[in-house]
Structure formats: C-alpha cells, structure tokens
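Just below is one structure, and these are the notes that go with it.
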Amino acid sequence: MLTAPHRHIYNARCIARDQYTTASRRRAVRLGATGDVDEVARLGLLKDLYEGLLAPRQREVARLKLDEDLSFSEIACELGISRGAAQDAFQSCVEALNRFEQEIGFLRYSQEVNERFETLRKLLESMDQSNWTSVRAEALRLLEEAGNQSER
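Put into structure tokens, the structure is as follows:
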C-alpha cells in the first residue's frame, strides 16, 4: 500500500509515462489515421445514446476515455485501479455499447433518418418550375417511406 506522498509520486509517474504515447496517438490522428477516428466517433455517439444503460464503472471509464481522451494509465490513476482493470472495463463497455446498438439500433435508425433528410434536401434543391410535380411526388414518396419505417 502506498502512503499519501508516494501515491502522488506514483500518479505523477503514471501520467508522465503516458505523455509520449498520448502525444503520438494524437499526432497519428491529426496525420490521418481516419479508421480509428471513425471508431472513436462512433463509440462516442453510442455512449451518448446508451450511457444510462452502462454500469457505473463502465460509464466512468467511457467518459474518461472518450470525452476526456485519457490514456488507460491516466484512467487507472484517476480511479485508483490497475491499468489492466481500466482496459478491461473499457473493453466491456465497448462490448456492451455494441450489444445495445445491435439490439436497439437507435444509431442505425438515426443515420437512416439523416440520410433520408439529406436525400430530401437535395431533391428539393433541384426543384424548379419545370419539374416541381415529379419532385413533389418523389418527396411525398420518401416521406411516406420514412413514416412506414418508423412504425416498425
């Protein structure tokens, strides 16, 4: 068991040890490692949607990792757990979020709705005096389709 002064030194070492790793990760993201950025963004959206369904420890680890962009060592220092426990908690959080999305599908549904709105917007922007009846019919069809899908 660490005494209070030693715990502060240990925490400082944990944070200092990961500065290089964190900076490297951020640099890689800025340089275009878009696959990871997309996954982090997706997990952030899933966290926002299903946060209330997560266990308290998972919720806290997800907040620190996704919102605060802390490393696992920094999360471990913050929560007083081991680095491995922080990784395990985050992994179980990711699995739970993916399971919630698979069962509920709210993110997928909202993306489909956004795509429909974008299609509708482009369709309406293309409308002029010569094609307004066909554009109107297509817009009504899209709205009807969206209404039928939301009833499922």
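First residue of the sequence shown: 237, per this note's numbering; consecutive thereafter.
The C-beta atom is built at its ideal place from N, Cα and C for all residues, glycine as well.
Reducing DSSP to helix, strand and coil, say where residue i ends up.
i: Gly383; result: helix
i: Gly316; result: coil
i: Glu367; result: Looking at the sequence shown, residue 367 is not Glu but Asn. Looking at Asn367 - three-state DSSP - the assignment turns out to be coil, as it is neither helix nor strand.
i: Glu361; result: helix
i: Ser309; result: helix
i: Gly341; result: coil
Return the CA-CA distance between residue i and residue j, expressed in angstroms with no decimal places.
i: Glu312; j: Leu279; result: Residue identity differs from the one stated: residue 312 is Ala in this sequence, not Glu. Roughly 20 angstroms between the two C-alpha positions.
i: Gln338; j: Ser366; result: 44 angstroms
i: Asn334; j: Leu378; result: 29 angstroms
i: Ser346; j: Glu310; result: 33 angstroms
i: Glu354; j: Gly316; result: 46 angstroms
i: Ala352; j: Arg299; result: It should be noted that the sequence gives Arg, not Ala, for residue 352. Whole-angstrom Cα-Cα distance: 31 angstroms.
i: Leu356; j: Asn350; result: 10 angstroms
i: Asp303; j: Glu275; result: 14 angstroms
i: Gly288; j: Val273; result: 24 angstroms
i: Tyr187; j: Glu314; result: As displayed, the chain neither begins before 237 nor continues past 388, which places residue 187 out of reach and without an answer.
i: Phe326; j: Gly341; result: 21 angstroms
i: Leu306; j: Trp368; result: 53 angstroms
To which residues of the same chain is residue i closer than 7 angstroms at the C-beta, ignoring the five residues directly before and after it?
i: Asn332; result: It is worth fixing the name first, because residue 332 is Ala in this sequence and not Asn. The answer, listed in chain order, is Leu290, Gln294.
i: Arg319; result: Phe308, Ser309, Ala312
i: Leu281; result: Leu343
As a quick exercise: from the options, pick the residue whose alpha carbon is nearest that of residue i.
i: Glu348; options: Asp303, Ser309, Gly383; result: Gly383
i: Ser328; options: Leu376, Arg377, Glu380, Lys283; result: Lys283
i: Ala322; options: Lys301, Asp364, Gly341; result: Lys301
i: Ala277; options: Ile340, Val330, Asp324, Trp368; result: Val330
Is it right to say residue i is buried, meaning 16 or more other beta carbons lie within 10 angstroms of its own, or is it exposed?
i: Val391; result: Because residue 391 is not part of the residues shown, which for the chain are 237 to 388, the question remains open.
i: Leu360; result: exposed
i: Leu376; result: exposed
Considering only residues of the same chain and omitting the five flanking positions on each side of residue i, which have a CB-CB separation below 6 angstroms?
i: Met363; result: Val371
Please go through the same chain and pick out, in chain order, the residues whose beta-carbon is closer than 8 angstroms to the beta-carbon of residue i, but skip the five residues on each side of it.
i: Glu374; result: Leu359
i: Glu381; result: Arg352
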